[in-house]
Amino acid sequence: MATERAESPRNSSAHGTAALLPALLALIAACGAGDRGGHAPVVVRDSAGIVIVENAVIPGPDALGWRIADSPAVVIGSAEGEADDVLHNVSGALRLPDGRIVIADTEHPEYRVYGADGALERIVRWTPAAALPVSDEETARIKAEAVDRAPPAFRPRIQRVYEAMPFPRTKTPFIGIHIDAEGCVWATTWPDPESGRHTAAVFAADGRVLGSVELPPALAPGLPHDIHDIGADYLLARVTDELGVESVRLYRLERTRGCQPS
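In the working numbering, the protein residues as written are -9 to 252.
Laid out in structure tokens, this is it:
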């Protein structure tokens, strides 16, 4: 079976141009407009049915007409003032559908909910029975990972900085926060020291805890990963395994109840 190559119309043969014409016409019709900048997009289908859209030129901001304001609409955090207004090493910041903003930082075993105007409305805390210690092995691993991520030319300097930097002896229970499609707040936690289970605490919109859900082994602390999206019935994450191979993984999620407290 012949395979079509992705070619520029400028270099394609008459036969190739004729083959692409239906796809080009369909794309232009779908967009509802012609090529304003003189560079029509090209859609190429190979023998496997994969669609490739190649854009030769990205128009400047004036063509789109979108604009981000120069000044922020809301600012949360200050150098002075009440303790709740001062942030330290923010680990997560998310905007709820109703405009409220959720912020967590590594200095407090809590996350805070601010109104759309930036005013503090609610503090959600989890206070463990005992402080969570930071082991020497964890400190060494964090330093080593930071050095490995740095460009080779900067690694000696990063190594010296981390060797001179004091590390805390305890840690907050929350690692990061996420908002799911149902409005629940997920706060990922450290693995249980006895069972080794890695969970996320799940909170209702009003801050009351609903329970916890066990996370897949690939999302455990110490393995590079990012949770990108939590839907009604799935969790989407980027994972890097022990060999450095990166992948995006979709996990199925089964819920037995909604995000409203009982």
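The beta carbon of each residue, even a glycine, is placed where N, CA and C say it ideally should be. Predicted model only: the values in this text are computed from it and were never measured.
Could you tell me which residues DSSP pairs with residue i in its beta bridges?
i           : result
residue 177 : 167 and 191
residue 112 : 103
residue 51  : Paired residue(s): none; residue 51 is not in a bridge.
residue 61  : The partner list for residue 61 (beta bridge, DSSP) is empty, contrary to what the question assumes.
residue 122 : 161
residue 210 : Beta-bridge pairing links residue 210 to no other residue.
residue 226 : 219 and 240
Taking the beta strand (DSSP E) that residue i falls in, what are its first and last residues?
i           : result
residue 200 : 199 to 204
residue 159 : That residue, residue 159, is in no beta strand (DSSP E); it is neither H nor E in DSSP.
residue 218 : 215 to 220
residue 91  : 91 to 95
residue 41  : 41 to 44
residue 236 : 236 to 242
residue 82  : 80 to 85
How close, in whole Å, do the beta carbons of residue i and residue j come, if the pair is a contact with beta carbons under 8 Å?
i           : j           : result
residue 156 : residue 180 : Not confirmed; about 21 Å, so no contact.
residue 210 : residue 217 : With a Cβ gap of about 12 Å, residue 210 and residue 217 do not count as contacting.
residue 67  : residue 75  : 7 Å
residue 171 : residue 220 : 7 Å
residue 178 : residue 205 : 7 Å
residue 140 : residue 132 : At roughly 13 Å, the Cβ-Cβ gap does not stay under 8 Å, so residue 140 and residue 132 are not in contact.
residue 89  : residue 106 : 4 Å
residue 190 : residue 202 : 6 Å
Count the other C-beta atoms from every protein chain shown that fall within 10 angstroms of the C-beta of residue i, then say buried if there are 16 or more, exposed otherwise.
i           : result
residue 224 : exposed
residue 100 : buried
residue 8   : The predicted position of residue 8 is uncertain, since its pLDDT is 45 and thus under 50; a value taken from the coordinates is nonetheless stated next. With fewer than 16 Cβ atoms within 10 Å of its Cβ, residue 8 is classed as exposed.
residue 235 : exposed
residue 78  : exposed
residue 93  : buried
residue 113 : exposed
residue 176 : buried
residue 167 : buried
residue 95  : buried
residue 41  : exposed
Taking the alpha helix (DSSP H) that residue i falls in, what are its first and last residues?
i           : result
residue 130 : 126 to 139
Can a CB atom of chain C be found closer than 8 Å to the CB of residue i?
i           : result
residue 172 : Absent from the structure is chain C; it holds one protein chain and no more.
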